[in-house]
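In case it helps, full-length UniProt numbering puts the sequence shown at residues 1 to 267.
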Amino acid sequence: MVDLPFVPFCGLLGFLGFVCVVFVSAWCQYWRGGFALDGGAGTFNWHPVLMVTGLVVLYGAAALVYRLPPAWSGPKQPWKMLHGALFLGAFILAVLGLAAVFRFHNDHGTPNMYSLHSWLGLATVLLFSCQVGAAWDTSSPPQPAFCLPLTSLFLQWVAGFSAFLLPWAPGWLRALYKPVHVFFGSTILMLSMASCVSGINEKLFFSLKNGTMDYKLLPAEAVFANTLGLLILLFGVLVLGALARPSWKRPDADSPDSCQVPAPPGG
Numbered sequence: 001m002v003d004l005p006f007v008p009f010c011g012l013l014g015f016l017g018f019v020c021v022v023f024v025s026a027w028c029q030y031w032r033g034g035f036a037l038d039g040g041a042g043t044f045n046w047h048p049v050l051m052v053t054g055l056v057v058l059y060g061a062a063a064l065v066y067r068l069p070p071a072w073s074g075p076k077q078p079w080k081m082l083h084g085a086l087f088l089g090a091f092i093l094a095v096l097g098l099a100a101v102f103r104f105h106n107d108h109g110t111p112n113m114y115s116l117h118s119w120l121g122l123a124t125v126l127l128f129s130c131q132v133g134a135a136w137d138t139s140s141p142p143q144p145a146f147c148l149p150l151t152s153l154f155l156q157w158v159a160g161f162s163a164f165l166l167p168w169a170p171g172w173l174r175a176l177y178k179p180v181h182v183f184f185g186s187t188i189l190m191l192s193m194a195s196c197v198s199g200i201n202e203k204l205f206f207s208l209k210n211g212t213m214d215y216k217l218l219p220a221e222a223v224f225a226n227t228l229g230l231l232i233l234l235f236g237v238l239v240l241g242a243l244a245r246p247s248w249k250r251p252d253a254d255s256p257d258s259c260q261v262p263a264p265p266g267g
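Written out as structure tokens, the structure is:
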């Protein structure tokens, strides 16, 4: 297999991620009526934009931080901070995106959590929870549906922060948690892609109903949104491919921090 250079590939991914954000923003602005904060359709339009930007593009960028050649040597802590900051950014955007869709549904009397799209989102939430199952307080009373995604995303971020960012975290804890973190991280990205694509399809079925704009007639909006779905899938598949490529992995030895520069002797 040809050993592709990572930096041009990373540039391609960055461009593709930017195109995904532009496409979802243009779709919501041009065809879906733009953006607002009044609880109407403009409020809902924040949901796809924030979710694609956060849980696909930023999430993918965070996953690839350790594949950057500058991260292969020298102190590892700054790259850990960048990795955690990007995931935190994805979390914040997800919180805002969930707030937008739940407000729209509640203001219009629309039921929550009944479609395949919402079930995929719930599966993503459950996988987040599995990573930190020991931290979940089963004695707590049931939480509203809106709180579950936020709690799970926050617990996922806290678990990774505790295991990898805190300098006093023991090596055995990092070694134990790392394979779980990597596996569920890739799985969550795949579920995020599936949720976005199913959400696009669901929105088109709901919106393109009248005779002249029926989805089956493939109007311009349908072509544009379908293309957006393909771009999201392409971006996610390329990220997963980069994560699976051994030659692009940071050459760590036995210790999780083996590539960090040792502190200079005192004196």
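We treat Cβ as the ideally placed atom computed from N, Cα and C, and that holds for glycine.
Alpha carbon to alpha carbon, what distance is there between G40 and residue 268? Look at the range of the chain in this structure, 1 to 267, and you will see that residue 268 is not part of it.
Kindly confirm or deny that the region 7 to 15 and the region 208 to 225 touch, where touching means at least three C-beta pairs closer than 8 Å. no
Under 8 Å, with one C-beta from each stretch per pair, do the region 81 to 96 and the region 217 to 227 reach the 3-pair mark? Result no; under three Cβ-Cβ pairs closer than 8 Å.
Taking a contact to mean a Cβ-Cβ separation below 7 Å, would you say G229 touches I200 in this structure? As a working note, residue 229 is residue 229 in the sequence shown. As a working note, residue 200 is residue 200 in the sequence shown. Yes, these two residues count as a Cβ contact at 7 Å.
Same chain only: Cβ atoms within 7 Å of V52, ignoring 5 sequence neighbours per side: For this step, residue 52 is matched to residue 52 along the sequence shown. Spatial neighbours of V52 in its own chain (CB-CB distance under 7 Å, excluding positions within 5 residues in sequence) are listed in chain order as C20, V21, V24, C196, I232.
How should Y66 be labelled, buried or exposed, when 16 other C-beta atoms within 10 angstroms of its C-beta is the threshold for buried? For the purposes of this step, residue 66 is identified with residue 66 of the sequence shown, where counting begins at 1. Residue environment analysis places Y66 among the buried positions, since at least 16 neighbouring C-beta atoms fall within 10 angstroms of its C-beta.
Closest by C-alpha distance to F18, when choosing among L234, A242, R250, L240: Translated into positions along the sequence shown, residue 18 becomes position 18. When only C-alpha atoms are compared, the closest one is L234.
Using a threshold of 7 Å, state whether the C-beta atoms of G84 and L50 are closer than that. For this step, residue 84 is matched to residue 84 along the sequence shown. For this step, residue 50 is matched to residue 50 along the sequence shown. Result no, Cβ atoms of G84 and L50 do not sit closer than 7 Å.
Run through DSSP, which three-state label would S115 get? Counting from one through the sequence shown, the residue named residue 115 turns up at place 115. Residue state, collapsed to three classes: coil.
Using the Cβ count rule (16 or more neighbours within 10 Å means buried), how would you classify L191? Along the sequence shown, read from residue 1 onward, the residue named residue 191 stands at position 191. That one is buried.
Bounding residues of the alpha helix (DSSP H) (the contiguous stretch that carries T43): For this step, residue 43 is matched to residue 43 along the sequence shown. Taken as a continuous stretch (DSSP letters only), the alpha helix (DSSP H) holding T43 covers 41 to 44.
Less than 8 Å between the CB atoms is what I'm expecting for L240 and S198, so what's the real figure, rounded? The residue given as residue 240 occupies position 240 in the sequence shown. The residue given as residue 198 occupies position 198 in the sequence shown. About 18 Å separates the two Cβ atoms, so there is no contact after all.
Tell me whether M81 is buried or exposed, calling it buried when 16 or more other Cβ atoms sit within 10 Å of its Cβ. Locating residue 81 in the sequence shown gives position 81, where the first residue counts as 1. The residue in question, M81, is exposed, as its Cβ has fewer than 16 Cβ neighbours within 10 Å.
Contiguous alpha helix (DSSP H) assignments of at least 4 residues, all confined to the region 6 to 53: Within the region 6 to 53, the runs of alpha helix (DSSP H) that reach at least 4 residues and sit entirely inside it are, in chain order, 6 to 26, 41 to 44, 46 to 51.
A100 and W46 look like a contact to me (Cβ under 8 Å); what is the Cβ gap, rounded to whole Å? Here residue 100 is taken as the residue at index 100 of the sequence shown, counted from 1. Here residue 46 is taken as the residue at index 46 of the sequence shown, counted from 1. Confirmed, Cβ separation roughly 4 Å.
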